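Numbering (this note's numbering), first residue to last: 118 to 327. Don't be surprised by glycine CBs; every beta carbon is placed ideally from N, CA and C. This one's a predicted model, so the numbers in the text were calculated from it and none came from an experiment.
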């Protein structure tokens with residue numbers, strides 16, 4: 118079975134992971150053969166959210182109920198997620214991109230290399246401007262760090278300048294981007310990153326396919 122690009126999306130509960138998936142699906146679904154795998158402990162809530170908002174057709178969204186610790190399903194034993202991807206590829210032989218959303222996790226969560234070709238980690242300003250300097254693999258080693266909800270930074274007394282400084286310090290040359298995913302601010306940068314780093318064929322996203 119041909120390998121499709123797998124992008125892991127992690128981050129704490131409420132940081133904006135599912136909002137990111139929705140925006141990516143809406144922006145890319147007319148140009149790439151796309152599917153999503155979500156992980157929740159006991160429910161399919163995130164998968165249902167994507168279906169409710171018509172981000173993708175139902176046969177392109179799989180919700181994995183991990184039970185217990187959701188970190189295990191993306192790291193030590195990724196078998197359920199790998200099986201979900203295999204199932205999606207059997208339904209859609211031309212699949213080019215699968216977005217794999219982890220269950221809400223802490224700063225130490227990482228994706229198994231066999232599950233994810235690229236990792237995106239989402240944090241948000243509501244947790245305070247100290248979050249980037251707390252470190253952890255998600256912040257320091259993800260391929261792309263997203264600092265979300267910049268529209269509420271002033272209300273929660275979070276300094277974007279401080280977060281910028283600390284993100285640079287903790288990540289070195291690894292990229293990061295400030296976003297407001299609710300309104301799609303910063304989405305173009307994320308898409309460009311996925312296209313370039315994931316070596317997806319470049320397509321004109323301003324023109325819908327037939």
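So the candidates are the options; which of them puts its Cα closest to the Cα of residue i?
i: residue 243; options: 290, 297, 234 and 172; result: 297
i: residue 134; options: 214, 148, 179 and 265; result: 265
i: residue 258; options: 150, 153, 304 and 226; result: 226
i: residue 158; options: 136, 174, 137 and 181; result: 181
i: residue 273; options: 245, 253 and 283; result: 245
i: residue 191; options: 283, 128, 121 and 176; result: 128
i: residue 205; options: 251, 163, 232 and 177; result: 177
Buried or exposed: where does residue i fall if 16 or more other Cβ atoms within 10 Å of its Cβ makes it buried?
i: residue 119; result: exposed
i: residue 183; result: buried
i: residue 300; result: exposed
i: residue 230; result: exposed
i: residue 320; result: exposed
Per DSSP, residue i is paired with what?
i: residue 241; result: 265
i: residue 123; result: 215
i: residue 235; result: 124
i: residue 297; result: 302
Measure how close the beta-carbons of residue i and residue j come, nearest whole angstrom, since I'm counting them as under 8 Å.
i: residue 179; j: residue 311; result: About 20 Å separates the two Cβ atoms, so there is no contact after all.
i: residue 304; j: residue 144; result: 6 Å
i: residue 295; j: residue 267; result: 5 Å
i: residue 173; j: residue 146; result: 6 Å
i: residue 224; j: residue 253; result: 3 Å
i: residue 314; j: residue 199; result: Actually they are not in contact, since the Cβ atoms of residue 314 and residue 199 sit about 21 Å apart, beyond 8 Å.
Stretch pair the stretch 250 to 257 + the stretch 274 to 293: three plus CB contacts closer than 8 Å: yes
Three or more C-beta pairs below 8 Å linking the stretch 136 to 156 and the stretch 209 to 219: yes
Contact the stretch 235 to 253 vs the stretch 201 to 213: 3+ CB pairs below 8 Å: no
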